[in-house]
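Numbering (the working numbering), first residue to last: 1 to 212. Heads up, the beta-carbon is just placed ideally off N, CA and C, and yes, glycines get one too.
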């Protein structure tokens, strides 16, 4: 989930989230394999990521890049089912504000509470794979660059921090413009990559923000 709008339910609707049921157990096609394109924004995700670790075939690199593109699409189009298809049943997730979610039932409840209301938000985010570390051929740690953007014009909101020595006042005034730097630990089971563990982090380091 984005660090700009979905963390810890800050913009969530008050209704009780739908419980995890049969529809979750028989999830939609994995992220990056069957994608909807109604409102997906353009992004720089085509950039070639740095690849480290044990040798891995290019098809796995491509599959991971496609997976992250699927995360972006699910977020931008506020599609809980598509987003949840990217998690293992036993996954753990920590939001940028430190909320820990353990197992798909908790992740599902949180997602169904905070993601749908974002469909009408003027702010969304793009996701670019920056680095892939293949720990084993079937386990990879993935660094993602997450940039808040205007839904209509596609302008990157984090550009306001570029070149600033001290962005603290702007961070406080424009929290929706703060980018994220998620880490996903993906596991490949039966040929499909899914999130086993993930940590989202808001970027407030002055040097990183200034560099853009």
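- Between the region 83-96 and the region 62-72 there are three or more inter-stretch CB-CB distances shorter than 8 Å, so the stretches are counted as touching.
- For residue 70, the uninterrupted alpha helix (DSSP H) segment begins and ends at 58-76.
- Counting the other Cβ atoms within 10 Å of the Cβ of residue 54 gives fewer than 16, which makes it exposed.
- The beta carbon of residue 64 lies closer than 7 Å to those of 129, 132, 140, 142, 186 and 193 in the same chain, with the five residues before and after it left out.
- Judged by their CB atoms, residue 149 and residue 118 are not nearer to each other than the 8 Å cut-off.
- When secondary structure is reduced to three states using DSSP, residue 202 falls in the strand class.
- Unbroken beta strand (DSSP E) stretches of 3 residues or longer found wholly inside the region 88-148: 100-102 and 123-136, given in chain order.
- From the listed residues 152, 175, 95 and 153, the smallest Cα separation to residue 160 is found for 175.
- Pairing residue 162 with residue 183, the inter-Cα distance amounts to about 23 Å.
- As the crow flies, the alpha-carbon of residue 210 is around 17 Å from that of residue 173.
- Going by C-alpha positions, residue 146 is about 15 Å away from residue 205.
- Take the alpha-carbon of residue 138 and the one of residue 200: they are about 22 Å apart.
- Residues of the same chain with a CB within less than 8 Å of the CB of residue 165, apart from the 5 flanking positions on each side, are 206 and 210 in chain order.
- By the criterion of a C-beta distance shorter than 6 Å, residue 92 is surrounded in its chain by 102 and 197, once the five residues flanking it on both sides are discounted.
- Residue pairing by DSSP places residue 156 opposite 149 in a beta bridge.
- DSSP places residue 47 in the coil class of the three-state scheme, outside both helix and strand.
- DSSP lists 87 and 186 as the beta-bridge partner residues of residue 195.
- Taking each of 61, 177 and 48 in turn and checking the Cα distance to residue 154, the smallest one comes out for 177.
- Residue 169 and residue 212 have their C-alpha atoms some 17 Å from each other.
- For residue 104 and residue 47, the gap between their C-alpha atoms comes out near 31 Å.
- Residue pairing for residue 53: DSSP places it in a beta bridge opposite 134.
- Pairing residue 50 with residue 134, the inter-Cα distance amounts to about 11 Å.
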